[in-house]
Amino acid sequence: MNKTIRITGMHCTNCALNIEKGLGKTQGVKNVNVNFTTEKASVEFDENKVSEAKLLERIKELGYSGEFVVASFDREKEIREKEERQLKGLLLLSILLSLPAFVIGMFLMEFPYKGYVLFLLATPVQFIVGWRFYKSTWASLKQKTANMDTLIALGTSVAYFYSLYLILQNPMGETYFETSAVLITFVVTGKYLEARAKGRTSQAIRELMQLSPKQARVLVKGKEKIMPIDDVKAGDILIVKPGEQIPVDGTVVSGDSSVDESMITGESIPKEKARGMTVYGGTLNKHGLLRIKATRVGADSTLSRIIHLIEDAQTKKAPIQSYADRISSYFVPAVILISLLTFLAWFFLFGKPLSFALTAAVSVLVISCPCALGLATPTAVMVGIGKGARNGILIKGGEVLEKSQKINAILLDKTGTITLGKPAVTDIISFGKMSREDVLSFAASVEKASEHPLADAIVEKAEKEGVGIHGVSKFRSVTGKGVKGVVSRKTVMLGRPEWFDAGRRISDKVHELEDDGKTVVLLRVGEELGAIAVSDVVKPDSAEAVAKFRRMGFEIYMITGDNERVAKAVARKVSVDRYFAGVLPEDKSKLVEKLKKEGRNVAMVGDGINDAPALALADIGIVMSSGTDVAMESGDIVLMKNSLLDVVKAINLSKATMSKIRQNMFWALIYNLLGIPVAAGALSSVGVILNPMIAGGAMALSSLSVVTNSLLLNRAKI
1 MNKTIRITGM
11 HCTNCALNIE
21 KGLGKTQGVK
31 NVNVNFTTEK
41 ASVEFDENKV
51 SEAKLLERIK
61 ELGYSGEFVV
71 ASFDREKEIR
81 EKEERQLKGL
91 LLLSILLSLP
101 AFVIGMFLME
111 FPYKGYVLFL
121 LATPVQFIVG
131 WRFYKSTWAS
141 LKQKTANMDT
151 LIALGTSVAY
161 FYSLYLILQN
171 PMGETYFETS
181 AVLITFVVTG
191 KYLEARAKGR
201 TSQAIRELMQ
211 LSPKQARVLV
221 KGKEKIMPID
231 DVKAGDILIV
241 KPGEQIPVDG
251 TVVSGDSSVD
261 ESMITGESIP
271 KEKARGMTVY
281 GGTLNKHGLL
291 RIKATRVGAD
301 STLSRIIHLI
311 EDAQTKKAPI
321 QSYADRISSY
331 FVPAVILISL
341 LTFLAWFFLF
351 GKPLSFALTA
361 AVSVLVISCP
371 CALGLATPTA
381 VMVGIGKGAR
391 NGILIKGGEV
401 LEKSQKINAI
411 LLDKTGTITL
421 GKPAVTDIIS
431 FGKMSREDVL
441 SFAASVEKAS
451 EHPLADAIVE
461 KAEKEGVGIH
471 GVSKFRSVTG
481 KGVKGVVSRK
491 TVMLGRPEWF
501 DAGRRISDKV
511 HELEDDGKTV
521 VLLRVGEELG
531 AIAVSDVVKP
541 DSAEAVAKFR
551 RMGFEIYMIT
561 GDNERVAKAV
571 ARKVSVDRYF
581 AGVLPEDKSK
591 LVEKLKKEGR
601 NVAMVGDGIN
611 DAPALALADI
621 GIVMSSGTDV
631 AMESGDIVLM
641 KNSLLDVVKA
651 INLSKATMSK
661 IRQNMFWALI
671 YNLLGIPVAA
681 GALSSVGVIL
691 NPMIAGGAMA
701 LSSLSVVTNS
711 LLLNRAKI
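Numbered by UniProt numbering, the letters in the sequence shown go through residues 1 to 718 in order.
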């Protein structure tokens with residue numbers, strides 16, 4: 001049995017690893033995958049050996065809370081909002097107390113009863129706001145590991161309790177209460193921002209669910225009956241009127257219409273449907289009345305499969321353990337050991353007084369307080385995300401930045417990503433005496449009364465160029481061929497080239513335009529012929545962006561639900577060597593999975609619902625802001641300017657940010673490597689003794705250097 005458990009109480013990626021280890025050791029559990037981003041665990045277990053209640057009990061023993069996921073998206077939203085509210089409350093409390101503590105501790109040296117005031121301000125921060133760090137530390141210790149929370153709990157506790165000892169000796173003396181309070185405030189700020197930026201997976205899926213019609217018009221014994229969508233069965237005959245959504249996947253049994261399938265295939269131009277053709281649930285019937293036979297309903301429908309693919313892809317996203325967490329698992333035990341050895345050596349081996357040995361041991365812990373190490377990642381991430389936002393690049397968290405700089409393969413959706421995603425007139429041709437304006441005028445006049453999918457593009461072109469649109473009489477639509485009517489006393493025909501008896505020169509020109517990925521309609525006015533070509537236009541900067549991808553060494557693929565002819569033409573225009581046409585959503589995600597299994601780090605760039613599963617499964621999902629809400633929620637990066645050039649900027653920004661993090665880590669560790677021996681008394685023989693007060697100052701200086709280095713990221717060119 002495979003079940004999904006929502007877990008609350010995780011504070012970092014190490015928490016996810018702790019739960020994986022703990023659940024994995026439980027008898028009857030076959031496989032566990034815990035995702036920190038979605039806060040869910042996918043657990044495969046033998047229900048004969050372990051019960052659901054036992055699994056939840058085990059999670060509680062590990063220091064967390066869990067509940068089995070049910071199909072309630074409101075519950076998902078409720079949990080998310082509750083977490084944000086709790087963190088916001090803790091953050092406000094922490095700021096209100098730590099800010100005055102910082103001012104008093106750093107600047108008001110003669111403040112009355114200074115030590116006691118700082119004690120009163122710092123205590124709630126330490127044990128109310130900071131309780132989550134103690135809880136996480138305890139959970140980590142039970143799994144015999146350490147994480148960033150361990151460092152925070154250890155460092156702030158040393159500063160707090162040593163300060164408590166000092167004020168008992170001298171209420172007006174130097175303390176480190178403000179250090180512990182400010183550090184906790186910094187970390188909780190990062191946790192709150194992370195909670196807000198973390199993937200809103202439940203919202204994305206809720207948007208998808210809303211696309212599915214709630215009712216269907218079903219033929220029952222020859223009469224129309226409106227019934228809930230859940231009651232529709234395979235084999236039922238449904239009626240779909242113009243402007244209505246198609247309720248379920250099915251086959252057209254009668255009627256002709258055009259259907260907007262952009263949410264499924266990504267194609268901008270509606271598809272014409274006739275008897276025997278397939279339609280998909282959730283797509284929009286544009287014009288004619290259709291009767292369809294339901295073929296796939298409920299969980300088997302295309303839309304439901306897309307929802308499942310997104311959930312599955314998000315669960316598969318392996319958590320990334322941050323550099324600080326990896327270092328801390330070794331760093332924390334080492335620091336504690338060094339501090340203990342320092343005390344034992346000075347007191348027992350060298351016979352120094354207790355005060356000297358204790359001071360040296362505490363100095364080691366204070367100078368090792370993970371301020372710089374704790375700030376190394378979040379400060380750089382916050383600056384990087386802020387810089388991205390100012391450039392119209394919205395990045396959903398630090399994990400995204402870490403993954404982005406590793407990308408070496410890019411998959412580009414065609415419609416709305418490489419192209420504008422909207423059909424437009426590209427060519428207006430006269431094969432006789434008619435002027436270009438006449439061709440457009442007659443075509444727009446007859447199309448004004450038409451419901452043909454291309455009619456809007458032709459009429460819009462005429463209005464934009466100020467060409468006259470005249471009234472039409474005797475208008476008639478010929479199914480599968482085109483339209484005809486009388487305009488300015490002249491008979492006008494407009495439609496598919498096959499409807500006309502055109503000469504070879506005209507046929508060659510039509511084929512040339514079609515080979516370029518354009519849809520062509522011919523126009524006959526009396527004996528005169530003309531042509532209008534419509535296509536989804538390539539964005540002006542798409543070719544330049546692809547060229548930059550190539551120079552950066554990326555493998556570039558284009559994938560589209562459009563046909564081979566159109567895909568080939570667009571690929572040629574932007575110089576993409578590898579492309580896949582006629583691709584459905586599940587095929588897009590399969591391609592992403594295939595590339596990942598081959599060892600590539602994949603970025604998927606798209607804008608539609610049809611891209612959502614692939615966006616969620618890719619290492620990085622990049623979405624145009626012109627896309628659907630579902631795609632934007634599924635993506636990791638949102639490009640507000642809808643330009644592929646911003647993909648280049650996003651990757652360059654991620655590289656610059658990760659470079660800053662590595663620099664911060666280097667200086668933080670070098671500082672500790674040099675400072676710890678001095679704090680331990682290695683230079684005491686030459687009169688250099690580092691007391692806790694100086695150690696605290698050095699610790700603050702290291703933090704300042706890390707923050708300053710992170711701020712320099714604002715000057716980086718992307």
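Glycine included, each C-beta is placed from N, C-alpha and C at the ideal position.
Quiz prompt | Spatially closest choice to I556 from V566, N563, D562 and A571, by CA coordinates | solution = By 1-based counting over the sequence shown, the position of residue 556 is 556. Nearest neighbour of I556 by Cα position, chosen from V566, N563, D562 and A571, turns out to be A571.
Practice problem: Tell whether a beta-carbon distance below 9 Å holds between residue 747 and G384. | Solution: Residue coverage of the chain in this structure runs from 1 to 718, which leaves residue 747 outside it and unanswerable.
Practice problem: To the nearest angstrom, report how far apart L17 and V400 are at their CA atoms. | Solution: Here residue 17 corresponds to residue number 17 of the sequence shown, with the count starting at 1. Here residue 400 corresponds to residue number 400 of the sequence shown, with the count starting at 1. For L17 and V400, the distance between alpha carbons rounds to 19 Å.
Practice problem: Drop a sphere of 10 angstroms on the beta-carbon of Q86, count the other beta-carbons inside from all chains shown, and report buried for 16 or more, exposed for fewer. | Solution: Counted from its first residue, the sequence shown places residue 86 at position 86. When all chains shown are included, Q86 counts as exposed.
Quiz prompt | Range covered by the beta strand (DSSP E) that runs through I559 | solution = Taking the first residue of the sequence shown as position 1, residue 559 is located at position 559. That run of the beta strand (DSSP E) goes E555 to I559.
Quiz item: Would you report the Cα separation of K518 and T560, rounded to the nearest angstrom?
Solution: Here the question's residue 518 lines up with position 518 in the sequence shown. Here the question's residue 560 lines up with position 560 in the sequence shown. So the two alpha carbons sit approximately 15 Å from each other.
Quiz item: Out of curiosity, what's the CA-to-CA distance linking R275 and V252?
Solution: Residue 275 sits at position 275 when you count from the first residue of the sequence shown. Residue 252 sits at position 252 when you count from the first residue of the sequence shown. Taking the straight line from one Cα to the other gives about 5 Å.
Quiz item: Under the rule that 16 or more other beta-carbon atoms within 10 Å means buried, what is Y330, buried or exposed?
Solution: Position 330 of the sequence shown, counted from the start, is the residue given in the question as residue 330. Exposed, by the Cβ-count rule.
Self-check item: Between the CA atoms of F554 and K114 - distance to the nearest angstrom
Solution: To locate residue 114, count along the sequence shown from 1; it is residue 114. To locate residue 554, count along the sequence shown from 1; it is residue 554. Straight-line Cα distance between these residues: approximately 59 Å.
Quiz item: Nearest to A389 by alpha carbon, out of G599, S685, S654 and L23?
Solution: On the sequence shown, residue 389 is found 389 positions in, with the first residue counted as 1. Ranked by Cα distance from A389, the options G599, S685, S654 and L23 are led by S654.
Practice problem: Determine the DSSP secondary structure at I469, reduced to helix, strand or coil. | Solution: Within the sequence shown, residue 469 is the residue found at index 469, counting from 1. I469: coil per DSSP, three-state reduction.
Quiz item: When the Cα atoms are used, what is the spatial distance from N2 to K60?
Solution: What you label residue 2 is simply residue 2 of the sequence shown in a count that begins at 1. What you label residue 60 is simply residue 60 of the sequence shown in a count that begins at 1. Using only the alpha carbons, I get a separation of about 20 Å.
Quiz item: Comparing the CB of S684 with every heavy atom of the ligand NAD, is any distance shorter than 8 Å?
Solution: This structure simply doesn't include the ligand NAD, nor any ligand for that matter.
Quiz item: Mapping DSSP to helix, strand and coil, what is R291?
Solution: Within the sequence shown, the letter at position 291 stands for residue 291. Correct three-state label for R291: strand.
Quiz prompt | Among K221, V486 and E84, nearest to T8 - alpha-carbon criterion | solution = For this step, residue 8 is matched to residue 8 along the sequence shown. The residue with the shortest Cα to Cα distance from T8 is E84.
Quiz item: Taking the runs of the beta strand (DSSP E) that are 3 residues or longer, which of them lie wholly in the stretch 544–605?
Solution: 555–559 and 578–580
Quiz item: So which of Y671, L615 and A656 has the shortest CA-CA distance to K717?
Solution: Residue 717 sits at position 717 when you count from the first residue of the sequence shown. Comparing Cα-Cα distances from K717 to each of Y671, L615 and A656, the minimum goes to A656.
Practice problem: Output the distance between the C-alpha atoms of P247 and P613, rounded to the nearest integer angstrom. | Solution: Stepping through the sequence shown from its first residue, residue 247 is reached at position 247. Stepping through the sequence shown from its first residue, residue 613 is reached at position 613. If you take the alpha carbons of P247 and P613, they lie about 21 Å apart.
Self-check item: Beta-carbon gap between S300 and G421 smaller than 9 Å
Solution: As a working mapping, residue 300 is identified with position 300 in the sequence shown. As a working mapping, residue 421 is identified with position 421 in the sequence shown. Correcting the residue type first, residue 300 is Asp in the shown sequence and not Ser. No, they are not a contact pair.
Practice problem: Assuming residue 781 and G105 form a contact by the criterion Cβ under 8 Å, report the distance between their Cβ atoms to the nearest whole angstrom. | Solution: Since the displayed the chain opens at 1 and closes at 718, residue 781 lies outside it and no answer follows.
Quiz prompt | Residue burial classification, K403 (beta-carbon count within 10 angstroms, cutoff 16) | solution = The sequence position of residue 403 within the sequence shown is 403, counting from 1. So K403 counts as buried.
Exercise. Could you say if the stretch 667–687 and the stretch 350–363 meet the contact criterion of at least three C-beta pairs nearer than 8 Å?
Key: yes
Practice problem: Going by CA-CA distance only, name the one from V158, S65 and P124 that's closest to L93. | Solution: On the sequence shown, position 93 is the one that residue 93 refers to. Checking every option, the nearest Cα to that of L93 belongs to P124.
Quiz prompt | I395 versus D636 - alpha carbon distance | solution = Taking the first residue of the sequence shown as 1, we reach residue 395 at position 395. Taking the first residue of the sequence shown as 1, we reach residue 636 at position 636. Looking at the two C-alpha atoms, the distance is approximately 6 Å.
Practice problem: Compute the distance between the beta-carbons of Q126 and Y160, then report whether it is under 9 Å. | Solution: If you number the sequence shown from 1, residue 126 lands on position 126. If you number the sequence shown from 1, residue 160 lands on position 160. Remark: C-beta atoms of Q126 and Y160 approach each other more closely than 9 Å.
Exercise. Could you check which residue in I229, K214, L238 and K233 has the C-alpha nearest to that of K223?
Key: In the sequence shown, the residue the question calls residue 223 occupies position 223. It is L238.
Exercise. Determine the contact status of I5 and L55, defining contact as a CB-CB distance below 9 Å.
Key: Here residue 5 refers to the residue found at position 5 of the sequence shown. Here residue 55 refers to the residue found at position 55 of the sequence shown. Yes, they are a contact pair.
Self-check item: Per-residue DSSP class, three states only, for I407
Solution: The residue given as residue 407 occupies position 407 in the sequence shown. Note: I407 maps to coil in three-state DSSP.
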